[in-house]
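If you use my numbering, the sequence shown closes out at 307, no skipped numbers anywhere. Glycine included, each C-beta is placed from N, C-alpha and C at the ideal position. Please read these numbers as outputs of a predicted model, since none were measured by experiment. These notes are about the structure you will find just below.
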Amino acid sequence: HLHQDEGTRTRREAVVSTQSTGGCVGSAIFSGIKGWKTAPVGYKARFHGAITSIKMKAPGHGGNFGVWGLTFASCDCTLIYLRNKEDPWNSIASGAITGGILSIRHGPSAAATSALIGGFILAMIEGVTVVITRYNSEAYKPVMPTVPDMV
157 HLHQDEGTRT
167 RREAVVSTQS
177 TGGCVGSAIF
187 SGIKGWKTAP
197 VGYKARFHGA
207 ITSIKMKAPG
217 HGGNFGVWGL
227 TFASCDCTLI
237 YLRNKEDPWN
247 SIASGAITGG
257 ILSIRHGPSA
267 AATSALIGGF
277 ILAMIEGVTV
287 VITRYNSEAY
297 KPVMPTVPDM
307 V
């Protein structure tokens, strides 16, 4: 029986629900536009085409994003537990592991390629996050107050 930390469980639930919702919303937007463009001429037909496309594709894409989010969050929480440290390397490694896990059924070559891509994408995201954090932290550094000269 593995001990399950409350914070870890909450983090995984939040990631999965956010990823699923984001996947559904994003898919609804893009599927709706595609359904609108490919439908026959006429406002009513285009609207119906957009709604039909959203109904068909958004749930599947939302589920796919949820699976990705759960796999990523599980890998991330596992690495945090094993390394006893929370840093950008956990996210980068989790992205690589997630990419490999989700494409392993296509063979080792596809899994290795997806792992490299997943690690690269997460490295870019973490790099941008570090740069933005450092840039924003400059504004909050304490400044030595200056005393006006009393002459």
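**Distance, residue 226 Cα to residue 157 Cα** = Numbered from 1 along the sequence shown, position 1 holds the residue referred to as residue 157. Numbered from 1 along the sequence shown, position 70 holds the residue referred to as residue 226. Summary for residue 157: the model assigns pLDDT 34, below 50, so the residue's position carries little reliability; its value from the coordinates is reported in the next sentence. About 20 Å.
**Request:** Mind the definition here: the region 201-215 touches the region 174-185 only if three or more C-beta pairs lie below 8 Å; say whether that holds.
**Result:** yes
**Request:** Would you grab the beta carbon distance between residue 259 and residue 228 for me? Rounded to a whole angstrom, and I think it's under 8 Å.
**Result:** The sequence position of residue 259 within the sequence shown is 103, counting from 1. The sequence position of residue 228 within the sequence shown is 72, counting from 1. In fact, because the Cβ distance is near 14 Å, the residues do not count as touching under 8 Å.
**Asked** What do you get for residue 305, buried or exposed, if any count of 16 or more other CB atoms within 10 angstroms of its CB means buried?
**Response** Sequence index remark: in the sequence shown, residue 305 carries index 149 (1-based). Residue 305 is exposed by the Cβ-count criterion.
**Request:** For residue 279, I'd like the list of residues in its chain whose CB is within less than 7 Å of its CB, leaving aside the five on either flank, ordered along the chain.
**Result:** In the sequence shown, counting from the first residue as 1, residue 279 sits at position 123. Around residue 279: 248.
**Item:** residue 159 burial status per 10 Å Cβ neighbour count (16 or more: buried)
**Value:** Taking the sequence shown and counting its residues from 1, the one referred to as residue 159 is at position 3. Only weak support exists for where residue 159 lies, its pLDDT of 45 falling under 50; the value from the coordinates is given anyway. That one is exposed.
**Prompt:** Which same chain residues, not among the five before or five after residue 231, have their C-beta less than 7 Å away from its C-beta?
**Reply:** Counted from its first residue, the sequence shown places residue 231 at position 75. Counting only Cβ-Cβ distances below 7 Å, and skipping sequence neighbours, we find 250, 253, 254.
**Item:** Candidates 271, 173, 301, 197, of which the one nearest residue 215 by Cα
**Value:** Taking the first residue of the sequence shown as 1, we reach residue 215 at position 59. Residue 173 is the option with its Cα nearest to residue 215.
**Request:** Decide if residue 171 is buried, meaning its Cβ has at least 16 other Cβ atoms within 10 Å, or exposed.
**Result:** Here residue 171 corresponds to residue number 15 of the sequence shown, with the count starting at 1. Buried.
**Request:** Starting from the C-beta of residue 206, find all residues in its chain whose C-beta is less than 6 Å away, skip the five residues before and the five after it, and write them out in chain order.
**Result:** Here residue 206 corresponds to residue number 50 of the sequence shown, with the count starting at 1. So the qualifying residues of the chain are 188, 191, 192.
**Own chain partners of residue 204 with C-beta closer than 8 Å, once the 5 adjacent residues on each side are dropped** = One-based indexing of the sequence shown puts residue 204 at position 48. The residues are 195.
**Request:** Could you tell me if residue 256 is buried or exposed, where buried requires 16 or more neighbouring beta carbons within 10 angstroms of its beta carbon?
**Result:** If you number the sequence shown from 1, residue 256 lands on position 100. Per the 10 Å Cβ criterion, buried.
**Prompt:** Using the beta-carbon count (16 or more within 10 Å), is residue 246 buried or exposed?
**Reply:** Position 90 of the sequence shown, counted from the first residue, corresponds to residue 246. Counting every other CB atom within 10 Å of its CB across the protein chains shown gives residue 246 a total of 16 or more, marking it as buried.
**Request:** To the nearest angstrom, report how far apart residue 269 and residue 238 are at their CA atoms.
**Result:** The residue you call residue 269 lines up with position 113 of the sequence shown. The residue you call residue 238 lines up with position 82 of the sequence shown. The straight-line gap from Cα to Cα measures roughly 25 Å.
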